[in-house]
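Peer 1:
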Amino acid sequence: MGRDGDDEDALRWEGDEDATLAPGWKRVGEPTTPGDAAGDGDDEATDAAASTSADGTPAGPQIGSAELVLLGVFGGVFLLYTLGWILTVLRVTNTATDPVGQFMFALGLALAVIAPAMWFAVAFALTRGQVPLRFTWLAVGAVVLLPVPFVAGVTV
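Those letters in the sequence shown? Residues 915 to 1070, per this note's numbering, in order.
1. Rounded C-beta distance between Gln-1016 and Ala-1024? I'm assuming under 8 Å.
2. Comparing alpha-carbon positions, which option in Phe-992, Glu-981, Ala-1029 lies nearest Val-1045?
3. My understanding is that Ala-1003 touches Ala-1026, with C-beta atoms under 8 Å, so please give their C-beta distance in whole angstroms.
4. Relative to the alpha-carbon of Val-1062, which residue among Leu-984, Trp-999, Leu-985 has its alpha-carbon at the smallest distance?
5. What three-state label does DSSP hand Thr-1050 in the structure shown?
6. Going by beta carbon distance, what residues of the same chain come within less than 8 Å of Leu-870, once the five residues before and after it are set aside?
7. Who are the Cβ neighbours of Phe-1049 in its own chain at under 7 Å, not counting the five residues just before and after it?
8. Using the Cα positions of Leu-997 and Gln-976, report the straight-line distance between them to the nearest angstrom.
9. Using the Cβ count rule (16 or more neighbours within 10 Å means buried), how would you classify Gly-986?
10. Candidates Phe-1034, Asn-1008, Gly-1043, Gly-978: which alpha carbon is nearest Gly-1022's?
In structure tokens form, the structure reads like this:
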């Protein structure tokens, strides 16, 4: 049985025969416009275009390995703090007798539970691009938001 032209077309991609590519390399990504021809010496414009995100805003610098590890450690600490505050809230009883006091006590407990997650999110969002300041605020949060009743073993 002989080979048809359609069978051969199924095994190839459009642009495989591009003579401008090195042997063994294949074209990937979006096609370039005629004004963006490769080899025109305008690498800075190409780098600037590549550093923009999909919505057109400039992309920030890539996160480093040490920063990523520290963010993971602080994220885990704040997650454990949230768990500690949840366990504390489940152990503490509301002794207030009036409705306003009961509401305020419940509100304080709810805010205590969400405070570690909010601190991490706000510190991460407001210190974009300022790595030392970000980790300073995360370290302050790790001290301030320690669930002392859980650590001390308060059950009342």
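Positions of the beta carbon are idealized from the N, C-alpha and C atoms, including for glycine.
Please read these numbers as outputs of a predicted model, since none were measured by experiment.
Peer 2: In short, the structure shows the following:
1. As a first step, residue 1016 is located in the sequence shown; it is residue number 102 there, counting from the start. As a first step, residue 1024 is located in the sequence shown; it is residue number 110 there, counting from the start. Not a contact, Cβ separation roughly 13 Å.
2. Within the sequence shown, the letter at position 131 stands for residue 1045. With respect to the C-alpha of Val-1045, the residue from Phe-992, Glu-981, Ala-1029 having the closest C-alpha is Glu-981.
3. Within the sequence shown, the letter at position 89 stands for residue 1003. Within the sequence shown, the letter at position 112 stands for residue 1026. A small correction: the amino acid at residue 1003 is Val; Ala does not occupy that position in the sequence shown. Right, their Cβ atoms sit about 7 Å apart.
4. Counting from one through the sequence shown, the residue named residue 1062 turns up at place 148. Comparing C-alpha distances from Val-1062 to each of Leu-984, Trp-999, Leu-985 shows the shortest one belongs to Trp-999.
5. On the sequence shown, position 136 is the one that residue 1050 refers to. Here DSSP, grouped into helix, strand and coil, assigns Thr-1050 to helix.
6. Missing from the structure shown is residue 870; the chain here goes from 915 to 1070 and no further.
7. Taking the sequence shown and counting its residues from 1, the one referred to as residue 1049 is at position 135. Excluding sequence neighbours, Phe-1049 sits near Leu-984.
8. Counting from one through the sequence shown, the residue named residue 997 turns up at place 83. Counting from one through the sequence shown, the residue named residue 976 turns up at place 62. Just so you know, the alpha carbons of Leu-997 and Gln-976 end up roughly 31 Å apart.
9. As a first step, residue 986 is located in the sequence shown; it is residue number 72 there, counting from the start. Burial call: exposed.
10. Within the sequence shown, the letter at position 108 stands for residue 1022. Ranking the options by Cα distance to Gly-1022, first place goes to Asn-1008.
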